[in-house]
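For what it's worth, the numbering used here labels the leading residue of the sequence shown as 87, then goes sequentially.
Quick reminder that beta carbons are idealized off the backbone N, C-alpha and C, glycines included.
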Amino acid sequence: ADVHYTNMRSAQRANAEGKTLSRSQKLNLEMADSVEKLISLLPKERVVKFRGAPASQERLDATIAASKAKETHSEGALTSWSTKLEVAKNFADNAPFGTQRIIYVTVNKRGATVRPISKVQYEEEIITPGSTRFQHTGRHEVVEVNGVKYNLFYMEEK
87 ADVHYTNMRS
97 AQRANAEGKT
107 LSRSQKLNLE
117 MADSVEKLIS
127 LLPKERVVKF
137 RGAPASQERL
147 DATIAASKAK
157 ETHSEGALTS
167 WSTKLEVAKN
177 FADNAPFGTQ
187 RIIYVTVNKR
197 GATVRPISKV
207 QYEEEIITPG
217 STRFQHTGRH
227 EVVEVNGVKY
237 NLFYMEEK
């Protein structure tokens with residue numbers, strides 16, 4: 087992940103938790119606020135988007151429970167999505183961060199594409215504001231020909 091994106095997300099989460107921010111975190115929070123403002127001004131394409139993440143068994147179990155309960159949650163920070171399933175799979179396959187593979191699937195309502203300014207245009211990236219809420223609507227397990235298992239969680243973006 088891009089270090090600026092990661093730092094902005096960390097600053098947004100720390101701020102939401104009421105933590106005292108360092109000078110660096112304050113600058114990252116200002117940058118995140120600017121990105122959120124930019125997103126609010128850009129067109130919102132209604133496309134299916136994917137977000138892949140490696141997960142521990144504990145996190146997978148918690149996500150399954152949230153899905154069964156049709157829970158709603160917010161990341162509380164900017165989130166990066168792709169219109170390409172293969173890109174989400176690549177992020178989910180990042181084994182050092184967990185042995186389980188999660189892919190979130192939703193129809194974009196609030197995010198904006200950053201492809202024209204992205205360093206990695208092939209990712210077809212959409213950045214979604216931190217205030218976006220996602221409601222679980224279902225789950226599907228996919229086992230690929232090579233035996234790799236992905237847990238797809240369908241969400242409604244609010």
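- Nearest C-alpha to E131 among V228, W167 and Q186: W167.
- No Cβ-Cβ contact shorter than 7 Å links N237 with E230.
- S110: member of the alpha helix (DSSP H) spanning R109 to L127, first to last residue.
- Assignment of A139 by DSSP, reduced to helix, strand and coil, places it in the strand class.
- Considered as a whole, the region 137-206 harbours 158-160, 165-168 and 186-193 as its complete beta strand (DSSP E) runs of no fewer than 3 residues, in chain order.
- The three-state secondary structure of E209, taken from DSSP, is helix.
- Taking all protein chains in view, the Cβ of A151 is surrounded by fewer than 16 other Cβ atoms within 10 Å, so the residue is classified as exposed.
- R219 is bridged by DSSP to S160.
- Ranked by how close their Cα comes to the Cα of V133, the residues Y240, V193 and K205 have V193 in first place.
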